[in-house]
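Data first, discussion second: the structure below is written as structure tokens.
Residue numbers (this note's numbering): -19 to 434.
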């Protein structure tokens, strides 16, 4: 028996070595991105190097279909780009290093007007967009540079902006150079994505606190009054200074509580800095690596009490690196995230409040009629764009996760979630989630979801 153990150990070691040898190493793409804010445009210069590009089509997903490439070259020779919706194809005739250089500009307005309706278009599409003209937000689903979603890359990014502007980015800045007329931000990133937010630096209420090893910076806009609730379809405002301060402190305290809860119940996450940034862009709440955007509606008392802000914080643990970003399917990145956030809500609001929230979701009505029945398969494949998409993603999707939790128990659900999402630098897919369900002996319960209509 003693002789058998070393032999078994050797065989296991050789198996692991064999598996490791079969796993191809994918060298990250190396980007140098230079952005300059000039007049009413962002001038973008991309210098991209790809080692050992495979023979055949290499796909570059662009931030938006209507980006017009002014100049492009591949390995020193001018190229013409073949476009298909948001994908650009470049043919590689042989396995070789590729050096792509691109120049283009992204138009917008520097006017200080609040909300305008604008349209960007290319030769095929027109896109109506409502936005705050003095702020620019590049989010992952609207690519502004060529990228493969599931490839973690090596970025050097420099952003030159006027002195009165500020940049918040997915990664913390490595350098800030203040020149006479402009600020130059530098970032180094190793990810599949680099969202950023450029805004006039008009924040007057800025609070910094340090909690454990995390520095939390809160950037609030100077509003003479604040929205606290919507009652009978009418907004309710406060304008007294102490009331406003109290509301902002609730925002701060609730965010700290959420971070503590996610660290305890999911996994300990080493976060050095989180910037909470209030924006004038209506209907925008986004949780990203190094910053969270909060619009004025997200910060009203009803929204805070109804766990809207903590949902964005949950994205720091769940929902940033999931296939829904690439495939346009939101179950992995939003439905599961929102259900876990509901469990956080229960931790401070109580079980009765949690059960009421679940009841509100399952009994949700659409256009004064009972909410139509939805199959689990429809939830898994739901994309944005449909008028009922948000209801399916944030309500029906959450209801299905709750049904699954009732079958397997909360502890088992947390275990599956942790095992699915906590792998560093991994592009999380539905297949990952299902493999962990199988590993935890919950597959039969999972299959039952397909037979349910909620």
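For glycine and all other residues, C-beta sits at the position ideal for the given N, C-alpha and C. All values derive from a computational prediction rather than experimental measurement.
Going by DSSP, residue 253 is part of the beta strand (DSSP E) stretching over 253 to 259. The beta carbon of residue 50 lies closer than 8 angstroms to those of 83, 84 and 85 in the same chain, with the five residues before and after it left out.
Rounded to whole angstroms, the Cβ separation of residue 197 and residue 117 is 18 angstroms, and the two are not in contact under 8 angstroms. The C-alpha of residue 270 lies about 11 angstroms from the C-alpha of residue 194. In this structure, the straight-line span from the alpha carbon of residue 417 to that of residue 159 is close to 54 angstroms.
The three-state secondary structure of residue 352, taken from DSSP, is coil. In the DSSP assignment, residue 79 falls within the unbroken beta strand (DSSP E) covering 76 to 87. Residue 323 and residue 55 have their C-alpha atoms spaced approximately 52 angstroms apart. Just so you know, the alpha carbons of residue 27 and residue 163 end up roughly 22 angstroms apart. Just so you know, the alpha carbons of residue 403 and residue 313 end up roughly 15 angstroms apart. In this structure residue 31 is exposed. Its beta-carbon is surrounded by fewer than 16 other beta-carbon atoms within 10 angstroms. Each of 248, 319 and 139 was checked against the Cα of residue 386, and the nearest Cα belongs to 319. Residue 313 sits in a helix when the DSSP states are folded into three classes. Under the three-state reduction of DSSP output, residue 154 falls in the strand class.
DSSP places residue 166 outside any alpha helix (DSSP H); the residue lies instead in the beta strand (DSSP E), whose first and last residues are 162 to 169. Boundaries of the beta strand (DSSP E) around residue 179: 176 to 180. Excluding five sequence positions before and after residue 144, the CB atoms of its chain that fall closer than 7 angstroms to its own CB belong to 180 and 181, given in chain order. In this structure the segment 396 to 411 touches the segment 234 to 250; the number of beta carbon pairs closer than 8 angstroms is three or more. Residue 300 sits away from residue 125, with the two beta carbons spaced by 8 angstroms or more. Here the alpha carbons of residue 355 and residue 372 stand approximately 10 angstroms from one another. Taking C-beta atoms under 8 angstroms as the contact rule, residue 8 and residue 134 qualify, at a distance of about 5 angstroms. C-alpha of residue 275 to C-alpha of residue 77: approximately 44 angstroms in a straight line. The closest CA to that of residue 412, considering only 137, 339, 303 and 148, is found on 303.
In this structure, the CA atom of residue 15 is about 29 angstroms from the CA atom of residue 297. Secondary structure note for residue 138: it is in no alpha helix (DSSP H), and the uninterrupted beta strand (DSSP E) holding it is 134 to 142. For residue 425, the uninterrupted alpha helix (DSSP H) run begins and ends at 423 to 428, by DSSP. Proximity to residue 185 across 201, 370 and 383 peaks at 201, based on C-alpha coordinates. Under the three-state reduction of DSSP, residue 188 is assigned to strand.
Within its own chain, the residues whose Cβ lies closer than 8 angstroms to the Cβ of residue 430, once the five positions on either side in sequence are excluded, are 355, 356 and 357, listed in chain order. Excluding five sequence positions before and after residue 290, the CB atoms of its chain that fall closer than 6 angstroms to its own CB belong to 238, 321 and 324, given in chain order. In this chain, the alpha helix (DSSP H) harbouring residue 401 covers 390 to 401. Spatial neighbours of residue 139 in its own chain (CB-CB distance under 6 angstroms, excluding positions within 5 residues in sequence) are listed in chain order as 15, 147 and 165. If you look at residue 13, you'll find it in the beta strand (DSSP E) that goes 10 to 18. For residue 388, the CB contacts under 6 angstroms within the same chain, skipping 5 residues up- and downstream, are 422 and 425 in chain order. Distances from the alpha-carbon of residue 203 to those of 266, 221, 329 and 151 put 221 closest. Counting along the chain, residue 413 sits inside the alpha helix (DSSP H) bounded by residues 410 to 419.
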